[in-house]
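Here the structure comes first, spelled out in structure tokens, and everything after it is commentary.
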Amino acid sequence: MIWGVLQFPGSCDERDALHACEVHGDGARLVWHESRDLNGVDGVVVPGGFSYGDYLRAGAIARFSPAMEAVAEAAAGGAPVIGICNGFQVLCEAGLLPGALLRNVELRFRCHQVELVEEETGEQLSIPAKHGEGRYYAPDEMLDQLEANGQVAYRYADGHNSNGSVRDIAGVTNERGNVLGLMPHPEHAVDPLTGSTDGLRVFDRMSGVLA
Amino acid sequence: MKARVLIRPKEGILDPQGKAVERALPALGFEGIGQVHVGRMVELEAEDPERLGELCEKLLANPLIEDYEIQTL
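Protein chains in written order, with this note's numbering: chain A, 100 to 310; chain B, 69 to 141.
Here it is as structure tokens:
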């Protein structure tokens, strides 16, 4: 499959995302934020960084970009979409994912390896996280609904929820399961040299959406 | 028309910025101040103030986590 990796002014992880898609055995190309056309890609990665300087709120301005209109259409058509960190924030602001990301509970930018548990399989993943606004929030009724629908994809393992996310949630999907957002960075965990290749399992999961 | 939009975290949502400010106050000799919340203010000039509510819902605030108040000046 071929992934389109969005590139906003202020994106900083788009190169690693391209690399991760390639290590995963897929094709990948960059899609500039002003492009209304995704050029026939099969799936989309909305990468990490600080799109549009994170002005106003993280992801608030990026959601209005022409490329995001195309992403919303692709998502509605069932294409896999992965939002990582800032990309997660963008997808939440765009209404493609439920909830919102708030300032970390201790107001510190946290950068460290975290252990995640995949809700569906119970498998543990070791993946780096680096963010200042990663505290997942949704009202209680919405959280109950997400859990009932199986939309909680990843939770922080015990002792790894350093941003104060409600119910230890690290990543959620839309109802259909083809749009995933998570704060930790699977694209930084694809090479044994950097300590873990567990990030590839996130790409496995989402490329499986196409099957 | 000039307007001012005040945006604040919704009640009940943990506001660590407000808490951090609150915790700093006693050390500076300010006693008896509580319930500090930090928000954002946007000033603007609008040709059509009727649409400010929509603007707040769509961009200036995230209604899931923030309340807003529009003041026309």
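We put the beta carbon where it would ideally sit given N, CA and C, even for glycine.
Near residue i, which residues of its chain fall below 6 Å by C-beta distance, leaving aside the five closest residues on each side in sequence?
i, result
"Q250(A)", "V271, T272"
"H230(A)", "C184, M282"
Give every residue of the same chain whose Cβ lies closer than 8 Å to the Cβ of residue i, excluding the five residues on either side of it in the sequence, and list them in chain order.
i, result
"E121(A)", "A127"
"V213(A)", "S225, I226, P227, A228, Y255, A256, H259, S261, A269, P283"
"M241(A)", "P197, G198"
"E274(A)", "N248, Q250"
"M109(B)", "R72, V73, L74, I75"
"G233(A)", "C184, L200, N203, R209, N262, S264, M282"
Classify residue i: buried if its beta carbon has 16 or more other beta carbons within 10 angstroms, exposed otherwise.
i, result
"F187(A)", "buried"
"H123(A)", "buried"
"P146(A)", "buried"
"A95(B)", "exposed"
"Q106(A)", "buried"
"R207(A)", "exposed"
"P131(B)", "exposed"
"A157(A)", "buried"
"W131(A)", "exposed"
"P179(A)", "buried"
Just to make sure I have the definition right: I need the residues of chain C whose C-beta is within less than 7 Å of the C-beta of residue i. Which are they?
i, result
"V204(A)", "No chain C is part of this structure, whose protein chains are labelled A and B."
Go through its chain and collect everything with a Cβ distance to residue i's Cβ below 7 Å, but skip five positions before and after it.
i, result
"I133(B)", "P77, K78, I81"
"P117(B)", "M69, A71, T140"
"A114(B)", "M69, A71, L120"
"G102(B)", "E90"
Using a Cβ cut-off of 9 Å (strictly closer), state whether residue i contacts chain B.
i, result
"I183(A)", "no"
"G198(A)", "yes"
"I160(A)", "yes"
"P238(A)", "yes"
Does the beta carbon of residue i sit closer than 9 Å to a beta carbon anywhere in chain A?
i, result
"I133(B)", "yes"
"L74(B)", "no"
"A88(B)", "yes"
"L93(B)", "no"
"L123(B)", "no"
"L128(B)", "yes"
Any heavy atom of the ligand FAD within a distance shorter than 8 Å of the CB on residue i?
i, result
"L200(A)", "Annotation note on the ligand FAD: not contained in the displayed structure, which lists no ligands."
Original post:
Should the stretch 193-201 of chain A be regarded as contacting the stretch 213-226 of chain A, the criterion being three or more beta carbon pairs within less than 8 Å?
Top reply: In this structure the stretch 193-201 of chain A does not lie against the stretch 213-226 of chain A, because fewer than three pairs of beta carbons, one per stretch, are closer than 8 Å.
**OP:** State whether the stretch 153-172 of chain A contacts the stretch 281-297 of chain A, with contact taken as three or more CB pairs (one from each stretch) at a distance under 8 Å.
**Re:** no
Original post:
What are the start and end residues of each continuous alpha helix (DSSP H) run of 4 or more residues lying completely inside the stretch 155-202 of chain A, in chain order?
Top reply: Segments of the alpha helix (DSSP H) lying fully in the stretch 155-202 of chain A: 165-175, 185-192.
Original post:
Enumerated in chain order, which unbroken segments of the alpha helix (DSSP H) with a length of 4 residues or greater are wholly contained in the stretch 197-231 of chain A?
Top reply: none
**OP:** Assess, as a yes-or-no matter, whether the stretch 167-186 of chain A is touched by the stretch 128-146 of chain A under the definition of 3 or more beta carbon pairs within less than 8 Å.
**Re:** yes
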